[in-house]
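The numbering of the sequence shown is our numbering, which starts it at 402 and goes up by one.
Yeah, the Cβ is synthetic: ideal placement off N, Cα and C, and Gly gets one too.
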Amino acid sequence: MTEPAKKEALMKSCASMFVTSHQSVVENSKKMLLEMKRHNYVTPTNYLELVTGYISMLSDKRKELVDAAMKLRNGLFKIDDTRAKVEVMSVELEESKTKVLQFQKECEEYLVVIVQQEERGGRATEGCCRS
């Protein structure tokens with residue numbers, strides 16, 4: 402449905418609602434006159450105040466809806482942005498893990514070399530002290 406057609410349908414349904422409510426007030430005013438002997442006048446000004454109130458309420462609700470949609474859109478953007486950052490961090494973490502494993506292997510190799518050198522150094526020291 403096109404935008405003008407949507408607006409036209411909305412206007413027709415709103416007009417129908419206002420007619421129904423106005424007729425309901427007129428009927429209840431007649432009922433009030435019969436039961437309570439009190440007059441309740443429905444003037445065009447009353448009707449226009451109702452329409453003005455409805456327009457104001459509709460405007461407020463539309464603003465609330467736009468604000469909520471904007472919050473949702475911002476939240477989705479933040480989630481997407483965070484997901485992208487987490488993906489980058491995951492790649493960096495994997496790279497760091499491989500580097501850490503490599504450094505651990507090198508440290509173990511160096512430790513073996515150091516232990517061997519200490520053993521040789523200890524033997525040489527023992528040999529020096531015996532002479």
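Q: On a CA-only basis, which of Pro-445, Lys-408 and Lys-413 is nearest Val-426? Give me that one, please.
A: Ranking Pro-445, Lys-408 and Lys-413 by CA distance to the CA of Val-426 puts Pro-445 first.
Q | C-alpha gap between Ser-457 and Thr-421, whole angstroms | A | 20 angstroms
Q: Work out the CA separation of Cys-508 and Glu-496 for me, nearest whole Å.
A: 18 angstroms
(Q) I'd like to check one pair, Phe-419 with Tyr-534: are the Cβ atoms closer than 9 angstroms? (A) No statement about residue 534 is possible, as the shown extent of the chain runs from 402 to 532 and does not include it.
Q | First through last residue of the alpha helix (DSSP H) which encompasses Thr-403 | A | That residue, Thr-403, is in no alpha helix (DSSP H); it is neither H nor E in DSSP.
Q | From Val-452, Met-490, Leu-466 and Glu-465, residue whose alpha carbon lies closest to that of Met-412 | A | Val-452
Q | Neighbour flag for Phe-478 against chain D, beta carbons, 9 angstroms | A | No chain D appears in this structure, which consists of one protein chain only.
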